[in-house]
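Quick notes on the structure that follows.
Numbering (the working numbering), first residue to last: 6 to 269.
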């Protein structure tokens, strides 16, 4: 199983590092679909994988010429940390309240399908829509809070919602949005993992599987950086659209599968 997890995380995180989705938005639905570990374990291990990938990707790409908006992204990241804590609390409350991994998985899959579909439609038509450039620190922080809640509750590490927000609210191009998204992901995922450890809510997991997943994340940072150098912004956007369609299909399948399992 460890070998399979390594390659899933390698492929998912490679694409995620290029488009700024982080990889968790692919890893989580794929592992949910395969059903090889509980939903809560998938969320935790996926978050750890995304964290190491994001750190390695930023270190690898620090001299690639793509600007990191440190001030804006740091405020977003701080907001995302606060939102991440809220999202983590919400996740634990729902998990404890429903007492069913299947119901929890169904809720996550449905919400993720709706969000991903919205992001796909926006990316397809963003050139026809007006974009903004937020400069008010409070507005930026509030935006980060909502991003953090979504990413932490869904266990996706920020995902494509980060990229869409950076497109719309900060008028970034595809490569700049990808880099700044990974920066935000580091903060939100680190906060989520620390919270899990501090509150003793870390789910049962296999160290071998987690290490295999994280190794896939590290390797993907180097592969993703090499590929990113060879494609332009339009290429990144095309890859993002393909990724979104794949995620929507997988999430729809998971939503239907979990719902049918609950009805059985």
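The beta carbon of each residue, even a glycine, is placed where N, CA and C say it ideally should be.
- Listed in chain order, the non-local C-beta contacts of residue 209 below 7 Å within the same chain comprise 46, local neighbours out to five positions each way being set aside.
- Its chain contains 45 and 109 as the residues whose beta carbon lies nearer than 7 Å to that of residue 100, once the 5 sequence neighbours on both sides are disregarded; these appear in chain order.
- In this structure, DSSP gives residue 218 a helical state, which the three-state scheme calls helix.
- About 6 Å separates the Cβ atoms of residue 118 and residue 253, confirming a contact at the 8 Å cut-off.
- The shortest CA-to-CA distance from residue 235 to any of 26, 59 and 180 is the one to 180.
- If you ignore the 5 residues before and after residue 219, its C-beta comes within less than 7 Å of the C-beta of 53, 54 and 57, all in its own chain and listed in chain order.
- Our two residues, residue 91 and residue 202, have alpha carbons roughly 16 Å apart in a direct line.
- With contacts defined by Cβ atoms closer than 9 Å, residue 35 and residue 21 do not form a contacting pair.
- The shortest C-alpha to C-alpha distance from residue 70 to any of 223, 257, 185 and 267 is the one to 185.
- Residue 18 is positioned such that its CB atom lies no closer than 9 Å to that of residue 25.
- Counting other Cβ atoms within 10 Å of its Cβ, residue 143 stays below 16 and is therefore classed as exposed.
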